[in-house]
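Colleague: Before we start, here is the structure in question, set down as structure tokens.
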Amino acid sequence: MPRSPVVARTRAGASVLAALTVTALVATGQPATAAPAPPAAEPLNRAFDRAAREYGVPRDLLAAVGYGESRLDGHAGKPSQANGYGVMHLASNPDNRSLEKAAALTGEPADRLRRDIAANILGGAAVLRDHADRLGLDRTERRDVNAWYPAVARYSEAEGPAAALYADTVFTFLAQGLTATAPGGETVRVPSRPVAPDKDEVSAAGVYAQSPDYPSALWVPASSQNYATGRTATINKVVVHVTQGSYAGSISWFQNPASQVSAHYVIRSSDGEITQTVRDANTAWHARSANSSSIGLEHEGWVDNPAWFTDAMYRSSAALTSHLAARYSIPKNRTHIVGHSEVPGNDHTDPGVHWDWNYYMQLVGGSPGTPGDSLTFPSYAVQQSGSSGPQVKAVQQLLNAQGYAAGSADGIFGPATKSATQAFQRARSLTADGAVGPKTWTALLSAGTTPALARGSSGDAVKRLQRSLTAALGTTVNADGSFGPTTETAVRTYQSSRGLSVDGKVGPATWGALQAGR
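Offset between the sequence shown (1-based) and this note's numbering: plus 64.
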């Protein structure tokens, strides 16, 4: 899919947007009119056209809202972080009931609105029209796309700055135009046009306020019920997230007291704009065990769609991470700059296999690669059919190294990886379910030679021991290849819990238990 267009920063006023797009029109000759009627083979375009006609919503406005919400990807009915569905992000949460409203307005059942793209777009148009009606827009006003600005802001179900950010994003897409390729390959076009949105009904007080910690960012605070004041630990890491939703939608979700989640910063896909929502000195709720010691960065997008990860986003985020590393003395390596999926105690997969860690770390000015190395993680989550990411790649590397044909180490847990896992499990007398849980992880990570180890030992065998203890005990044992007091304590804990002789040394009995997955 093509990368998203670069979007002007929302702190630019409507007059600036209009001036920019007039220049674009002169240069490109694009008309400021709706796109031509699509051929019958283009279901997405036909859905936008039908919904626009049925509910009297400008077609290009409808497409711009859909693009801003989802990049035109319905995600097969899977919900966003805010429990929103489909191309138009029809939501069902305590503060946004647009899914239920769309069902009432269209007569379509909620499940169909979640999963059927055409129904979802129709529902989005119905909700937009309802907002327009409640604002008192008459037929003439509805023909003017600029009059729809407050209706678009209300569609976000946000308030104040977050609502203005949402509507500004949509109108910037209208101003600059779109040529977007949907996941099925269909192209949706929105020609550029001058815009001068009517903002009188939208309170944007504070929307242009600067971040108190990072001057390049905006400041839109999260609800005080979604983070803890102060810190109980020193800041020593940055955690990279993906929003599973839109930029403004995520900022709004952090303002919702019912969400019980937040992050310190949110980065927009199209242009890398950053909004801070929690002060660095406070504890955002984004990564469970790492909350007290980390800064959380949310990146607009979905883990399964690489089109969201634009160069503008990478560069903007990397500049922020570099700033944070300098300010808080965070080492610029993959032990201290980690993904959500790599934090102990988490069951998330973001930022996912499409996030380019090597490029990102290059931009940060740090060491590339996965944390420590391709096999070392702070914790080891269950990997099974359908899983993806660096831990699946580690499973594949370990299986292949032991002679079990897991296929290419591509980070995708497919049939070959499952078959190889089952063969390995049978050889170790483990339950051959094809899922890599704690026992299989322990056996995989400890596989290899079995030298006697004790305090003072060092090298790859010690690192292998430390990884396998992390998997077996469910607590992080630093895999630095040095057998010190912490590793000795972990060995004693393991020996005691497995009924072994407790001496803190690793001989045949301890190696045998680890390699059997005990």
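For every residue, glycine included, the Cβ atom is placed at its ideal position computed from N, Cα and C.
Since this is a predicted model, take the numbers as computed values, not measurements.
According to DSSP, is G188 part of a helix, a strand, or is it coil?
Modeller: The three-state reading of DSSP puts G188 in helix, counting H, G and I together.
Colleague: Going by C-alpha distance, which of A215, A496, V191 and G188 is nearest G200?
Modeller: Relative to the Cα of G200, the nearest Cα in the group A215, A496, V191 and G188 belongs to A215.
Colleague: Would you kindly check if the distance between the Cβ of F112 and the Cβ of I181 is under 7 angstroms?
Modeller: no
Colleague: Helix, strand or coil for L136, going by three-state DSSP, please let me know.
Modeller: coil
Colleague: Between S280 and L384, what straight-line distance do the alpha-carbon atoms span, to the nearest angstrom?
Modeller: L384 has its alpha-carbon roughly 9 angstroms from the corresponding atom of S280.
Colleague: Where do the ends of the alpha helix (DSSP H) carrying V456 lie?
Modeller: From DSSP, the alpha helix (DSSP H) with V456 extends over P454 to A465.
Colleague: May I ask you to report which of helix, strand or coil DSSP gives K569?
Modeller: coil
Colleague: Using CA coordinates, which residue listed in V254, T495 and T399 is at the minimum distance from G430?
Modeller: T399
Colleague: With C-beta atoms as the reference, is T347 less than 7 angstroms away from V284?
Modeller: no
Colleague: Within the chosen definition, does the region 566-576 reach the region 471-488 through at least 3 CB pairs nearer than 8 angstroms?
Modeller: Touching, no, given that fewer than three Cβ pairs across the two stretches are closer than 8 angstroms.
Colleague: Across which residues does DSSP place V216 in a beta bridge pair?
Modeller: None; V216 has no bridge partner.
Colleague: What's the gap between the Cα of H412 and the Cα of E205?
Modeller: 45 angstroms
Colleague: Taking just the CA atoms, how far does G581 sit from W505?
Modeller: 7 angstroms
Colleague: Which of the three DSSP states is assigned to I331 in this structure?
Modeller: strand
Colleague: Which residue's Cα is closest to the Cα of S591: R492, T513, E552 and R253?
Modeller: Nothing about residue 591 can be read from this structure; the chain reaches only from 65 to 582.
Colleague: Along the alpha helix (DSSP H) that carries A227, what are the first and last residues, could you check?
Modeller: Segment G224 to Q240, the alpha helix (DSSP H) holding A227.
Colleague: What are the boundary residues of the beta strand (DSSP E) that includes Q64?
Modeller: Nothing can be reported for residue 64, as the shown portion of the chain is limited to 65 through 582.
Colleague: If you check the beta carbons only, do A487 and Y468 fall under 7 angstroms apart?
Modeller: yes
Colleague: Pull up the CB-CB distance for A211 and S220, whole angstroms please, since I reckon it's below 8 angstroms.
Modeller: Contact flag wrong, Cβ pair sits at about 17 angstroms.
Colleague: Between G148 and the rest of its own chain, which residues show a CB-CB distance below 6 angstroms, the 5 nearest in sequence each way excluded?
Modeller: A155
Colleague: Run the CB neighbour count on A465, radius 10 Å, all protein chains shown included, and call it buried at 16 or more, exposed below.
Modeller: Label assigned to A465: exposed.
Colleague: Rounded to a whole number of angstroms, what is the C-alpha to C-alpha distance between G132 and K263?
Modeller: 19 angstroms
Colleague: Can the beta-carbon of G475 be found less than 7 angstroms from the beta-carbon of S452?
Modeller: yes
Colleague: Output needed for T539: all residues of its chain with C-beta closer than 7 angstroms, excluding positions within five of it in sequence on either side, in chain order.
Modeller: none
Colleague: Considering only residues of the region 260-322, which uninterrupted alpha helix (DSSP H) runs meet the minimum length of 4 residues and lie entirely inside it, listed in chain order?
Modeller: 311-319
Colleague: Give the secondary structure of A116 by DSSP, where H, G and I count as helix, E and B as strand, and everything else as coil.
Modeller: helix
Colleague: Can you find a C-beta in chain B that's less than 7 angstroms from the C-beta of H387?
Modeller: Note that chain B does not occur in the displayed structure, where there is just one protein chain.
Colleague: Taking A273 as the reference, give the member of A389, A535, G224 and A260 with the closest Cα.
Modeller: G224
Colleague: By the 10 Å Cβ neighbour count, where 16 or more other Cβ atoms means buried, how is R352 classified, buried or exposed?
Modeller: exposed
Colleague: From which residue to which residue does the alpha helix (DSSP H) around L508 run?
Modeller: P502 to S510
Colleague: Judging by CA-CA distance, which residue of K165, N397 and A246 is the nearest neighbour of P370?
Modeller: Checking every option, the nearest Cα to that of P370 belongs to A246.
Colleague: By DSSP, does N160 sit in helix, in strand, or in coil?
Modeller: strand
Colleague: Report the three-state DSSP secondary structure of Q447 (helix, strand or coil).
Modeller: In the displayed model, Q447 falls within a strand according to three-state DSSP.
Colleague: Can you tell which of V121, V191 and V303 has its C-alpha closest to the C-alpha of P408?
Modeller: V303
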